[in-house]
Amino acid sequence: MSDLHDLCKFAQRPVAAKAVEELQFYLKSGIPATYTIEEAYNYTHNIEDEPLTTTTPLHLICTHVPQDIDEAESKVVESMVEMLLEYGAGWCLTDVNNETPGCILIRRGLKRLPIYNQIVAAGIRAELLLRKVSEYDMEVISDTEEVDHERFGDEVPQLVEDKEPLVTAAPKIEKDDAPDAPSQNQESYLQTKLEYRDNALVTKDRQDGVMMSWETDLMRLGCDSLFKGSVVDGEVDSDINVLNIGFGMGIIDTMINEKNPTKHYICEAHPDVLKKLRDDGWYEKPNVVILEGRWQDQLDTLLSSGNTFFNGIYYDTYSEHYLDMLELFDFVVGLLKPHGVFSFFNGLGADRQVIYEVYKQLVEIDLSNYGLECKFTEIEVPKSTLEEKVGSEDSKSVWDDIKRSYWSCPVYYHPEARFIDV
Ligand SMILES: C[S@@+](CC[C@H](N)C(=O)[O-])C[C@H]1O[C@@H](n2cnc3c(N)ncnc32)[C@H](O)[C@@H]1O
Numbered sequence: 001m002s003d004l005h006d007l008c009k010f011a012q013r014p015v016a017a018k019a020v021e022e023l024q025f026y027l028k029s030g031i032p033a034t035y036t037i038e039e040a041y042n043y044t045h046n047i048e049d050e051p052l053t054t055t056t057p058l059h060l061i062c063t064h065v066p067q068d069i070d071e072a073e074s075k076v077v078e079s080m081v082e083m084l085l086e087y088g089a090g091w092c093l094t095d096v097n098n099e100t101p102g103c104i105l106i107r108r109g110l111k112r113l114p115i116y117n118q119i120v121a122a123g124i125r126a127e128l129l130l131r132k133v134s135e136y137d138m139e140v141i142s143d144t145e146e147v148d149h150e151r152f153g154d155e156v157p158q159l160v161e162d163k164e165p166l167v168t169a170a171p172k173i174e175k176d177d178a179p180d181a182p183s184q185n186q187e188s189y190l191q192t193k194l195e196y197r198d199n200a201l202v203t204k205d206r207q208d209g210v211m212m213s214w215e216t217d218l219m220r221l222g223c224d225s226l227f228k229g230s231v232v233d234g235e236v237d238s239d240i241n242v243l244n245i246g247f248g249m250g251i252i253d254t255m256i257n258e259k260n261p262t263k264h265y266i267c268e269a270h271p272d273v274l275k276k277l278r279d280d281g282w283y284e285k286p287n288v289v290i291l292e293g294r295w296q297d298q299l300d301t302l303l304s305s306g307n308t309f310f311n312g313i314y315y316d317t318y319s320e321h322y323l324d325m326l327e328l329f330d331f332v333v334g335l336l337k338p339h340g341v342f343s344f345f346n347g348l349g350a351d352r353q354v355i356y357e358v359y360k361q362l363v364e365i366d367l368s369n370y371g372l373e374c375k376f377t378e379i380e381v382p383k384s385t386l387e388e389k390v391g392s393e394d395s396k397s398v399w400d401d402i403k404r405s406y407w408s409c410p411v412y413y414h415p416e417a418r419f420i421d422v
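Residues 1 to 422, numbered by the UniProt record's numbering, are exactly what the sequence shown covers, in order.
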């Protein structure tokens, strides 16, 4: 623990403006905004190993910001957070409990504080910056180099103090999937055998959930949104064309087909899912057109043909990333009728609530760059998705036989995007 860390624990009340000056002093002296209590502990104990967790000053602020904070104190804390973020404090580093600063505020019921929005805004900026950096293949100059303890040991009094022992256990977080794992990599996913169960579609070997029936209500919302795009000036369109990308368990497609659109396009890439479509008679349905293959290829062909436009487009695939979705937006603007609706399964960042919020705002920004306004409806997800898996017979968790949960947010943000001014 160091003076910088102590400062972020608000031992003195009221939290006074002096704290901002002190923080500035430490940061200007060269202590990184990401200086962790783990690093401080290792330094005092002559431990050379890289710490596994990163409890930063921002984590401490979020842990110690008083529940009964008043307006004046809140302004001070906001200035501290702003300064830390300006100096490069990581908005999504995780501490020993696998929590980001935003996660801590949520757990403490302090999402209402302005510092929560500051963290979300920092996340959006970071994501946009990262995208630019990778777009131009730029090199990022790290500002998180190690503290020169020798130097600052003199200049900054008690930079490192020997305090309570730190828990340095390995993080609880399950390691991210390897880049070539089916959940991360399309090529590998498309070669992986799938298995249909009663309530889920899973990868055979790893039992990763590709689609699960707890999402049925979310699919209902998606289907309803698509058909909102069939009304023009109060009149129902004479030709109602709907496109769904990703068949999975066929939940949304069954709902769409019950509404009997003029043409119902289904784009699906996985051979086992295409077999399911064949076995279940989808190829025989008169109004159904099946686009076999990846949407990246199929929609290109459709767009080039120049004669098919949709009242509704729904997107819900697997093993794709947000950057893929950004590419999809190019096709959406080309294929959607002027009054059409675009919607998608919004699971972006949904395994961590603060990241889910960041993506919600990011997708809004990105769609607006395409002239689409995205509005969200909030609905609660089934409680069973929030239960930890226990593996016993009386388990209430939907994740029991699934390798890893991909959802941990209490509320679903259902997206509905339309062209602006329509
Ligand atoms: C989550 S499931 C879709 C579930 C569906 N919304 C439902 O209601 O059952 C994802 C589906 O997208 C398919 N998929 C993945 N990548 C694809 C791609 N690039 N093009 C077309 N389909 C893809 C998967 O094979 C899988 O069937």
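Glycine included, each C-beta is placed from N, C-alpha and C at the ideal position.
Between Tyr189 and Ser29 a beta carbon distance of about 49 Å is seen, past the 8 Å cut, so the two are scored as non-contacting. Taking all protein chains in view, the Cβ of Pro32 is crowded by 16 or more other Cβ atoms within 10 Å, so the residue is classified as buried. With fewer than 16 other Cβ atoms from the protein chains shown falling within 10 Å of its own Cβ, Arg13 counts as exposed.
Ranked by Cα distance from Glu21, the options Thr63, Leu113, Ser79, Phe310 are led by Ser79. Under the 8 Å Cβ criterion, the region 255 to 264 does not count as touching the region 319 to 336, having fewer than three qualifying pairs.
Annotation: Val15 is outside any beta strand (DSSP E) and is labelled neither H nor E by DSSP. For Cys374, DSSP records a beta bridge to Ala417. The Cβ-Cβ distance between Asn241 and Phe309 falls below 8 Å.
Remark: C-beta atoms of Ile365 and Cys92 do not approach each other more closely than 8 Å. Set against 7 Å, the gap from the CB of Ile61 to the closest heavy atom of ligand 1 is not smaller. At the C-beta level, Val96 and Thr55 come within 8 Å of one another. Per DSSP, reduced to three states, the secondary structure at Ser405 is coil, with no helix or strand assignment.
The beta carbons of Tyr406 and Asp351 sit closer together than 8 Å. Between the region 365 to 385 and the region 411 to 420 there are three or more inter-stretch CB-CB distances shorter than 8 Å, so the stretches are counted as touching. Residue state for Ile106 is assigned as helix, using DSSP reduced to three classes. The DSSP-derived three-state label of His59 is helix. Per DSSP, Cys267 lies in no alpha helix (DSSP H) segment; the continuous beta strand (DSSP E) that holds it begins and ends at 263 to 268. Burial state of Glu127 is buried, judged by a 10 Å Cβ sphere holding 16 or more other Cβ atoms.
Ser343 carries a strand assignment under DSSP once its states are collapsed to helix, strand and coil.
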